[in-house]
Structures are given as structure tokens and as C-alpha cells.
Amino acid sequence: MCLLLILLCFVRWQYVLEYSKTIGSLLGNPDSLSAYMIDDPKMILKVKEKPTSLKAAWELLEIFFVDKQLQTWLPERLVDWLADYDSLLTKTENTIYRTLINFQKKLINLQVVEDDPDYWSGLSAALSVGWLDIVVNMLRFHGSYQLDQMDSRETENGLVEAVAVLVSTMPRMRPDLPSGKLGQCCKTRPDFIKALEKWRGQVSKLECSAFWIQCGHQKTRDGLKSLLHIMLGNIKNLTASTSHWLELFASHLLYIRPFTVGFEGMHQLAQKCIQLKPSADNSGLTGLLTGILSENREVVLAECTKNFGPWMVTHAMELLTADNDYADMMLHEERPNFGGISIEELHRLVYAQVLCSHALTWQIAPTYLSSCLNQGLGLLEILLLKQPIQDNRVVLKTLEICRLYELENVSTNIMKIAGIYHWKHGRKGTGVYWFQQANDKVRLDRIAQQLFEHIGKSVTDDSFKQWEGLLELLGSDIGSAGGLEFLHRYRDFKRSLQMAQEGRTGESVRQTVEFLIQLMRNPSTPQRFWLPLLHDSVRLLNCKPCPLLNVAETTLLLNKLQELSLAKLRPDFSNIHLPSHALNSVRLALASNLARAILEEP
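For the sequence shown, the residue numbers in mature numbering (1 follows the signal peptide of the UniProt record, and there is no 0) are -18 to -1, 1 to 584.
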């Protein structure tokens, strides 16, 4: 059982780490200051991609909560983080990054850099936070490296080069170094202790060297000794060289307390640095870091919410709960004061609302709403039903989302709404299409009833083509809705009757008669349309010398005509507007046809 739990924890950790790396890559990959170096010998640093606070905050959470591989060299990783994001610590106060940027602008017009105090203050500042590659590069700016001064300043140049070598060989307790970074990697603590003692012995030996007396340039002598004091961990020099408390914090981890482990020790050190260098302009990053070091997940969550927005809070939940049962319980516990949802679900709903507010991002919101089991699906239904139905592309996208999340009822309602909208705005075909997709038999029946108003008119009426086109849109599925079966049969009858009257073929005449008999026999044919059907056929019946109907068929039609005469007596009878002689014309035509049929029978 213990092995199983360990395995599950390991798998969970791997998943969260992979998740964090993926999100981090999407947020961008700002180069660290060591990567800003280019071939220009007078260039100190150059920003290739502006770092973002969101990326910086995400990396902080990953460093302290997720990546267990960093636990043995956490101080070094924090130093790397500062190298990437020192420019984001404050907007109004000075930082080492700003110091170097300002000196970079000044460097263009300097003839003798070692005479400028900003040159040495920049060197001390960069060394204090471990930007060794920048320090070595800046030392090469020293005037003693110029060929015309090598002989007269040989001792001075030797001291500068000795310091540069010591800086470039500084022991670092980490598994490896990125390309361009300087230092001596030590993978284990004993190796680091051994290398550090040897290196500090070399630094002390250089500090006590007699060659300093022979160095005639006072500013060079003082500046180089200040660098040596920093490497030896002199608190006074470290405090003077750094601008922000977080920079002082990183310098303590590098030169004074390289073996600091655990949140408690780091938090105490951070509080000490804050007292030494208080900052009035506290960015969200510094507040987040102090919350992390205090091991207070509530503070971390509050800082993320306050400074980095709902996106950060929503996606950082996995990081906050990694390997922490208390945080997991706190964030997933259902709370009555939140309406029975958890803190995690609350923040997901907030972020989903942000996505819903913009036309370009609302389609992403269902991903988050569907993961909220208590209220998410209800809000998802509301979101989908509120989407505009004027654009068919939006409707199709909404229906696709309904299909993905198995919201069949919502899909049906959306299709009905779209059908009503298009029908009311005169787009009859589009309206009928959506009614059919929704299988809305009620509204299709109503459309059929509207078509019935045109049925009693003769084939020469111009309105025939109007309702015939709409009938085509209703589809060929006979009986899909009440009344449609009659309409489709009547459409076939009208077409055949038109062909027969145009005298195309004898087959069309016989087919017209068959359609007429089928309509009169079919119970779906409304009684109020019997007379119009028969009246449309009068000319056809009268113009033929031979009977088109046999005795049985003629008797059927006469019986229908008799039923119709009796039905007229009822108050609820609906009368179709036809000529007053229509009934007599039909009766006369059928009587004539019956007489000819009787004579024709053997």
C-alpha cells in the first residue's frame, strides 16, 4: 500500500510538472541576462524579449511548489529567476538592472571607464547577485587592457585579470550551467564546500597581496577590493551594492548562506533583508514571494488574485495543491457561503465569465464551465442560449459545443430560436431548415396551416409557385408533421394537373386522376379542401370524350361531395372562397363522367 501511494504521488508530481512546463512555454521564454550578451565588446546587456510579470509569477510557483529536482539547489535557481525578472521588481525605485541599463547608455561617451564611479558601482551590483558573465565582460572594459598602456599598467592589468579569473571560477552548487554562464559547478554539497574553501582562500590571498601597493590607480584599487569583499561575503559591501531587498536576499544566498534550505530559513532571511532595504513600491512579485516563503497558501492565492488576474488563479490551482494536502482540502472543499461550490470552482467560474464577455474568447469558456460540476453546466447552458443567432456560423459553432458536451435539449432550443428568428425576418427557407433540425413538429404544423390558405386556388393562380417553393423546403419526409402528408400529395397533384392541361402526355392525365383519388381517400386531406380539389379537376373531366374515372371512383367523389353539402350546415364549417357555381360545376362534371363510365362498362 505504501509503495502504491508513493507511486501515485510520483505520477501526480510528474503530471503537474509537465503541466507547469507546458503553461510556462506558452507564456513565453524571456532570456536571462547572461543571454543578453552579444559580440559587441561595449555591450553589457540587451533585452531580446520583454519579460512579463505573469511568466515571472508562474516560475516562482513552479520553483517552490512543483519542481522537486530544484530542492538541492533552490538558492541558485532563485538567483537565475532574479536574473530574468529583476527589471520587474519595481516601477519607481532603482534596481541593478536599471543601474546597468543607465551605465550602458553612458558608456558610449566614456573615454576612460575606470575613472567613472558608475562603472565600479555597476560591477559591484552585478557581482552581488551572481551575474558573473556580465562582471567579467565589464572588467574587460578597463583601460589597462588597451595595447598602448599594457607596459605602463602591467601590475594594474594583472590585478584586474586576477579578479576576472576568480569571478569566472566562482563555485556554484548546481548540476549544470546554461550556455554563457560562468562559474564552477558542484553537484554535491561536499564538493561545493571543498571548492568554496579553496576559492575563498584564493580570494583572501589576492586581497592580502603586495601588488596592491604597486597599483597606481586609486579607483581601480578600491573598486577591485570592493569586488573581493563581495566574493568574501562582506555584508556591508553586499548591502551597499544592491538596491532592492530581493537583490540583497539573492546576494545572501550566494555569498553568506549558500546552504539555506526550507521555507522557514528563507523566510527569516527575507524578513531581515526587507528591514535592511524597505521598499515603498512593492510589486506583485515581491508580495507573492513573501507569501510563498511564509508557507501561507491563502496569502499566495490572494496575491495571485490581486495582482495577476483570474487567469493566473484558475491555472495555478494545480501548482498550489501539488504535494500539499492542506491546500488541496482548502481549495476543493465545498463552502456554503459560496453557494455550495469550492474556491477552485469559484475562480474557474470567474475566469469563464471574463472569457464570455468577449466575442473572440467565449468559445473557450465551455472548457472551464464544464469542469465546474456544481454550477458550471447551468451557466454553460445560459451562455449557449445567449449567443446571437443572426449569424449561421455562430449558431453552428454553438451547436458543435452542445454536441461535445451532450447538451441535446439546449441544442434543440437553439435551433428552434434560430428558426423563429429567421422566419420572422422573412427568411422562410432558413427558418424551416432549423425547425426541421430541431424536429419541431408544432411549428412545422403551423407552417403547414399557413400553406393551407393557398390550397383552394386554381393552378393558374400566381400564388401557386410561392407556396410550392416553401413546400419544397419542408422536405420529402411525408408525414413528418401533421398536414405535410396532404401538402406533399397535393403538390404532386398540382404538378400533374398542370402537365395534363398543357396536353403533354396521356400518362399525365391518368396520373392526375390517380393523385385526385388518393387525396380524396386519404384521411389526412382536410374536408374544407375537397371542393377546391374537385373544382380544379372540372376542366380536365369535361374536356375528355372518354370517362377518366370508373363507376366506383366517380361514386366515391359524389359521396364526398354529398358529405361536403351536409357539412356546410355546421356552424364551424370553414369555407374556401370559390365561385358560387363551383359546387354545381363539380356535381355536373361528375354526373357526366358517371354516365359515360356506366356506358363504357361491359
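Cβ coordinates follow ideal geometry from the N, Cα and C atoms, glycine included.
Asked                                                                                                                                                                                : Found
Would you tell me roughly how many angstroms separate the C-alpha atoms of Leu164 and Val282, rounded to the nearest one?                                                            : 34 Å
Can you find the residues in the same chain that come closer than 6 Å, C-beta to C-beta, to Leu121, ignoring five residues on each side of it along the sequence?                    : Val142 and Ala146
Between Asn566 and Leu523, how many whole angstroms is the CB-CB distance? I'm expecting something under 8 Å.                                                                        : With 8 Å as the limit, Asn566 and Leu523 do not qualify as a contact, their Cβ atoms being about 14 Å apart.
Measuring alpha carbon to alpha carbon, tell me which residue in Gly244, Phe174 and Gly140 is nearest Trp45.                                                                         : Reading the sequence as shown, one finds Ile at residue 45 and not Trp. Of the listed residues, the one whose Cα sits closest to Ile45 is Gly244.
Between which two residues does the alpha helix (DSSP H) harbouring Asn575 extend?                                                                                                   : Ala564 to Glu582
Just to confirm, is the Cβ distance from Phe497 to Ser478 under 7 Å?                                                                                                                 : yes
Please report the straight-line C-alpha distance between Met311 and Leu64, rounded to a whole angstrom.                                                                              : 32 Å
Which full runs of the alpha helix (DSSP H) of 4+ residues lie inside the region 26 to 86, going along the chain?                                                                    : 35 to 43 and 56 to 67
DSSP has Arg122 in a bridge; who is on the other side?                                                                                                                               : DSSP output for Arg122 lists no bridge partner at all.
Is the beta carbon of Ser225 sitting closer than 7 Å to the one on Thr77?                                                                                                            : yes
For the alpha helix (DSSP H) that Phe245 lies in, which residues bound it at each end?                                                                                               : Phe245 to Leu258
What's the gap between the Cα of Glu545 and the Cα of Leu366?                                                                                                                        : 53 Å
From the DSSP output, in three-state form, read off Tyr18 for me.                                                                                                                    : In this prediction, Tyr18 has a pLDDT of 43, which is less than 50 and means its spatial position is unreliable; what the coordinates show is noted afterwards. In this structure, Tyr18 counts as helix in the three-state DSSP scheme.
Per DSSP, what are the beta-bridge partners of Gln166 in this structure?                                                                                                             : Pro153
Taking buried to mean at least 16 other C-beta atoms within 10 Å of its own C-beta, is Leu60 buried or exposed?                                                                      : buried
What's the gap between the Cα of Phe47 and the Cα of Leu114?                                                                                                                         : 28 Å
Considering only DSSP beta bridges, list what Ile274 is partnered with.                                                                                                              : Answer by DSSP bridge pairing: none, since Ile274 is not bridged.
Mind checking which residues open and close the alpha helix (DSSP H) that includes Phe174?                                                                                           : Arg171 to Glu189
Which first and last residues belong to the alpha helix (DSSP H) in which Phe193 is found?                                                                                           : Phe193 to Gln196
Here's the rule I'm using: 16 or more other beta-carbon atoms within 10 Å means buried, otherwise exposed. How should Ala463 be labelled?                                            : Per-residue confidence for Ala463 stands at a pLDDT of 47, beneath the threshold of 50, marking its modelled position as unreliable; no derived number is given.
Which residue or residues does DSSP assign as beta-bridge partners of Ile323?                                                                                                        : Arg317
Taking Arg471 as the reference, give the member of Met481, Pro318, Asp373 and Ile499 with the closest Cα.                                                                            : Ile499
CB-CB under 7 Å to residue 586, same chain, minus the five flanking residues each way: which ones, in chain order?                                                                   : With the chain covering -18 to 584 only, the question about residue 586 has no answer from this structure.
Which residues in the same chain have their Cβ closer than 7 Å to the Cβ of His314, if we skip the five residues on either side of it in sequence?                                   : Ser324 and Glu326
Quick check: what's the CA-CA separation for Glu390 versus Gln419?                                                                                                                   : 12 Å
Report the residue from Gly413, Leu71 and Gln51 whose alpha carbon sits nearest the alpha carbon of Asn374.                                                                          : Gly413
Under a three-way DSSP split, which group does Gln372 fall into?                                                                                                                     : coil
Can you find the residues in the same chain that come closer than 8 Å, C-beta to C-beta, to Ala177, ignoring five residues on each side of it along the sequence?                    : Pro153, Gln166 and Cys168
Could you name the residues of the same chain whose beta carbon sits closer than 6 Å to that of Arg503, not counting the 5 residues immediately before and after it, in chain order? : none
Would a C-beta distance cut-off of 7 Å place Thr137 and Gln184 closer than the cut-off?                                                                                              : no
Val533 and Ala571: beta carbons closer than 7 Å?                                                                                                                                     : no
Using 7 Å as the threshold, is the C-beta distance between Leu331 and Ala38 below it?                                                                                                : no
Out of curiosity, what's the CA-to-CA distance linking Thr303 and Arg279?                                                                                                            : 9 Å
What residue does the alpha helix (DSSP H) around Gly408 start on, and which one ends it?                                                                                            : It is not in any alpha helix (DSSP H) - Gly408 carries neither H nor E in the DSSP assignment.
Go through its chain and collect everything with a Cβ distance to Tyr127's Cβ below 6 Å, but skip five positions before and after it.                                                : none
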